[in-house]
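Everything below concerns the one structure shown next.
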């Protein structure tokens with residue numbers, strides 16, 4: 005498959021300006037509800053009151069917290085009764101995934117390297133101190149793969 | 023230890039090499055080597071061939087309706103010339119039975135019509151057919167002979183054998199009545215039957231004994247020069263008993279010398295009368311015959327030379343062989359030689375008698391010349407019935423019964439070609455028979471190839487492909503059609519509408535596998551274009567896979583590549599079914615993008631079991647792939663917009679069981695982990711792409727997570743949740759009883775199910791969800 009690689013494939017060209025986020029002061033139930041509304045990423049940026057990024061909350065992180073230490077109940081075929089109580093706890097009880105920041109001019113190689121530093125599904129893009137968008141792993145992958153495949157000199161299996 | 027040469031040896035320039043080749047010293051050394059090593063074997067082979075060939079030569083001249091001595095001439099001059107100029111070490115050129123039958127068919131009619139000597143017509147035929155053969159050689163048409171099938175050659179040879187037998191029947195029965203001018207075989211047969219009361223019983227006895235002895239000797243003493251010995255004995259017997267004299271009365275046996283007597287002379291040179299005084303009407307009449315004789319002679323010579331070369335291991339230059347045969351015929355016509363060709367019997371004997379160089383067949387020609395000079399007059403006393411007996415045996419040997427049986431059993435098409443050629447040989451003019459045979463072959467071939475082979479492929483749970491008859495693949499959103507065979511104008515007529523017949527109401531994508539497409543052209547491209555339009559009108563995508571370089575070029579040139587879209591065209595790969603697998607992945611992505619509600623929005627409404635939560639649309643891939651294919655697959659998967667929040671491709675082993683999973687994170691992790699990428703974060707995008715390409719062969723199994731926890735259909739929410747917590751990408755594969763994947767539970771679906779379960783536990787304070 006030959007495609008035009010996005011040019012010049014920098015963080016600013018890949019980022020989404022939309023920043024689904026959650027105030028750090030929210031409780032876990034709210035976070036749960038917000039995640040259900042975010043099927044595309046299953047991950048939310050958690051912002052402190054001063055607008056600084058605290059990290060990313062992912063579905064995996066949420067589930068691990070809800071069932072932490074309760075696998076015995078699950079093995080018995082029951083949802084742990086503690087789950088309801090945990091939903092009412094503040095969000096800061098859940099370990100967040102570390103936010104990694106890109107600058108708008110970062111190229112693909114830099115973005116890949118930064119990706120390997122985090123578990124998050126997003127890479128935040130900041131212009132100085134200002135958060136201006138985020139790059140999803142899917143977009144990062146698409147840009148890298150498209151760039152690679154579009155210059156493929158081997159005729160097989162992606163075209164002459 | 024010998025020193026190792028560091029410089030290549032100087033290569034001599036061609037002209038220098040030629041000078042060395044033809045230097046007197048080199049030639050002398052070669053001659054010495056030849057005399058020491060090969061001369062004896064060549065002389066022995068040449069003598070054996072001549073002994074066998076001399077009676078044959080006279081007999082074949084009789085088949086052609088020409089004086090026997092011309093057969094001897096034809097076994098001298100063309101034999102020597104073809105051996106000198108040709109490439110085969112064993113091909114013996116001279117009179118041949120099939121060619122002689124054709125010569126008879128052409129010369130007898132024209133000679134009667136224009137009132138000229140048949141020999142003059144035969145010489146003109148040799149001159150013209152030789153020129154055509156030279157032309158064929160210079161035009162490098164050596165490969166053309168392969169288009170004349172076995173069935174044609176065999177049908178023609180069998181027919182010629184029948185004609186020889188019919189024509190010789192009169193001499194065999196020793197009927198001493200003049201023949202009519204009508205040369206048609208069946209007229210001749212009728213005349214013979216009508217004159218059955220004039221059978222000379224003594225002559226018939228000689229013919230029968232000759233026939234029986236030749237057959238017996240061939241069977242029990244195949245290396246004995248039986249024909250020569252039998253003719254000598256028969257001649258001596260006839261002379262001793264005075265059967266050739268007038269005193270024998272009604273029992274007088276006709277002898278060769280009754281016609282043109284053979285003189286012991288080599289005074290063969292003379293310019294053919296029809297070249298000195300051309301008769302243009304006759305020239306026009308002979309031209310088609312010249313083509314037939316030229317082509318038949320070349321087919322025969324090439325077939326024989328190739329047949330022997332397969333055993334001797336010699337490489338042949340057929341174009342050079344064509345020129346040699348042409349020169350032999352053209353020059354031979356000035357020495358009273360009728361058209362010649364390679365002789366299978368004599369060539370096989372030359373090989374079996376250990377002839378080593380082209381001098382072996384050449385020597386056979388020289389020995390025949392010496393025979394003519396010293397012993398030629400004795401051949402005048404050979405009784406004609408003995409000759410006829412010999413020719414009847416020849417006709418019998420010409421019919422290759424085992425190959426006839428093989429062709430008859432092999433295919434209906436070959437059977438019809440054989441029968442058609444045989445009938446044409448017997449009933450029509452011989453010179454047209456071979457063309458009719460070729461026409462029948464080609465017509466049959468077109469009929470066979472005019473029906474392209476179309477099947478459908480289905481993918482088994484173990485990932486392997488299964489071929490099923492067309493329209494019997496069952497109902498599926500993806501119809502995978504395998505196209506094989508020849509797709510020229512006749513085969514693609516209405517093919518687009520035929521292909522539509524495999525569509526079912528479920529069909530969303532048609533994948534055409536084109537790896538085995540042959541002889542496609544503009545008609546094929548027009549058909550594909552129309553098929554694309556027909557499918558588009560029904561909202562069905564067309565994807566092409568197994569596209570080789572030539573098909574790819576045609577797709578580009580015809581504009582269909584642009585119409586289909588580059589993403590829907592998959593190049594053929596030397597690994598079987600790789601491009602098909604990729605095309606199927608693309609088709610699955612298209613189906614997902616097209617169909618119903620996205621998996622991510624799925625809301626379970628029934629009981630919270632894996633069966634209710636799973637989506638059956640997921641991607642699975644064989645385990646033999648590499649990073650390159652995985653890269654593409656994820657690209658197509660994400661591009662479809664249906665990959666969900668945690669794009670995952672599941673691997674399955676040969677047994678169809680799930681053998682691991684690769685999430686987006688894994689593959690992206692691999693790209694980031696390529697050493698050069700890791701060490702050079704400042705690299706340009708182009709460098710990055712090049713480094714990734716250099717890692718293309720990284721096996722996908724090395725990227726897969728083998729410890730993916732799966733559940734079965736009856737698993738409840740807690741069990742699913744346990745599996746999800748242990749899996750790196752949260753996706754939970756669902757397996758059937760045999761361990762094969764039947765679906766996957768996406769994390770967003772799981773989250774929704776958990777919200778519902780929580781709400782059942784605490785209805786007062788529900789977890790709100792848009793879905």
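Protein chains in written order, with my numbering: chain U, 5 to 164; chain A, 23 to 793.
Glycine included, C-beta positions come from ideal geometry on N, C-alpha and C.
Going along chain U, which residues have a C-beta under 8 Å from residue i?
i, result
"residue 647(A)", "Within 8 Å Cβ-Cβ: nothing; residue 647(A) doesn't reach chain U, min ~10 Å."
So which residues of chain D does residue i contact, with C-beta pairs closer than 7 Å?
i, result
"residue 752(A)", "The structure shown contains no chain D; the protein chains it does contain are U and A."
Let's test the definition: count the other Cβ atoms within 10 Å of the Cβ of residue i and tell me whether it reaches 16, buried, or not, exposed.
i, result
"residue 628(A)", "Since pLDDT at residue 628(A) reaches only 47, below the 50 mark, its modelled position is unreliable, and no value is offered."
"residue 218(A)", "exposed"
"residue 784(A)", "exposed"
"residue 59(A)", "exposed"
"residue 86(A)", "buried"
"residue 52(A)", "exposed"
"residue 71(A)", "buried"
"residue 103(A)", "buried"
"residue 563(A)", "buried"
"residue 100(U)", "buried"
"residue 277(A)", "buried"
"residue 795(A)", "Because chain A in this structure spans residues 23 to 793, residue 795(A) falls outside the shown range and cannot be described."
Helix, strand or coil for residue i? Go by DSSP, reduced to three states.
i, result
"residue 150(U)", "helix"
"residue 85(A)", "helix"
"residue 110(A)", "coil"
"residue 477(A)", "strand"
"residue 128(U)", "strand"
"residue 376(A)", "coil"
"residue 8(U)", "Reliability of the predicted coordinates at residue 8(U) is poor, the pLDDT of 44 falling under 50, and no value is obtained from them."
"residue 139(A)", "coil"
"residue 779(A)", "helix"
Straight-line CA distance for residue i to residue j?
i, j, result
"residue 454(A)", "residue 359(A)", "23 Å"
"residue 539(A)", "residue 101(A)", "46 Å"
"residue 289(A)", "residue 507(A)", "59 Å"
"residue 487(A)", "residue 480(A)", "6 Å"
"residue 726(A)", "residue 124(U)", "20 Å"
"residue 63(U)", "residue 571(A)", "47 Å"
"residue 88(A)", "residue 141(A)", "6 Å"
"residue 83(U)", "residue 756(A)", "20 Å"
"residue 257(A)", "residue 284(A)", "15 Å"
"residue 630(A)", "residue 765(A)", "15 Å"
"residue 448(A)", "residue 406(A)", "25 Å"
"residue 221(A)", "residue 273(A)", "9 Å"
"residue 442(A)", "residue 172(A)", "13 Å"
"residue 710(A)", "residue 614(A)", "31 Å"
"residue 720(A)", "residue 653(A)", "11 Å"
"residue 463(A)", "residue 403(A)", "46 Å"
"residue 775(A)", "residue 739(A)", "8 Å"
"residue 363(A)", "residue 324(A)", "9 Å"
"residue 127(A)", "residue 490(A)", "54 Å"
Listing by chain order, which chain A residues have their CB less than 9 Å from the CB of residue i?
i, result
"residue 155(U)", "708, 711, 712, 715"
"residue 127(U)", "Within chain A, no residue comes near residue 127(U); the closest Cβ sits about 11 Å away, beyond 9 Å."
Please list the partners that residue i has in chain U, where partner means a Cβ-to-Cβ separation under 7 Å.
i, result
"residue 702(A)", "113"
"residue 653(A)", "149, 152, 153"
"residue 535(A)", "Neighbours of residue 535(A) on chain U: none; closest Cβ ~13 Å, over 7 Å."
Anything in chain A within Cβ reach of residue i, meaning under 7 Å, just list it in chain order.
i, result
"residue 119(U)", "690, 694"
"residue 71(U)", "743, 747"
"residue 82(U)", "740"
"residue 49(U)", "Chain A residues near residue 49(U): none, gap ~15 Å exceeds 7 Å."
Taking C-beta pairs closer than 9 Å, name the residues in chain U that residue i reaches, listed in chain order.
i, result
"residue 783(A)", "83, 85, 87, 88"
"residue 777(A)", "36, 37, 40"
Closer than 7 Å: is that where the CB of residue i sits relative to any heavy atom of the ligand SAH?
i, result
"residue 710(A)", "No copy of the ligand SAH occurs in the structure displayed, which carries no ligand at all."
In chain order, each alpha helix (DSSP H) run of at least 4 residues that lies wholly inside the segment 629 to 670 of chain A: List check, alpha helix (DSSP H) in window: 632 to 635, 649 to 661.
Segments assigned alpha helix (DSSP H), at least 4 residues, entirely inside the segment 495 to 557 of chain A: Here the runs fully enclosed are 517 to 522.
Secondary structure, alpha helix (DSSP H): runs of 4+ residues fully inside the segment 289 to 372 of chain A: Fully contained in the segment 289 to 372 of chain A are the following alpha helix (DSSP H) runs of length 4 or more, in chain order: 295 to 298, 302 to 334, 340 to 354.
Whole alpha helix (DSSP H) elements within the segment 192 to 258 of chain A, 4-residue minimum: Annotation note: the segment 192 to 258 of chain A contains the following uninterrupted alpha helix (DSSP H) runs of length 4 or greater, listed N- to C-terminal: 207 to 216, 223 to 242.
Sequence ranges, alpha helix (DSSP H) only - wholly within the segment 423 to 475 of chain A, length at least 4: You should have 423 to 432, 434 to 449, 452 to 471.
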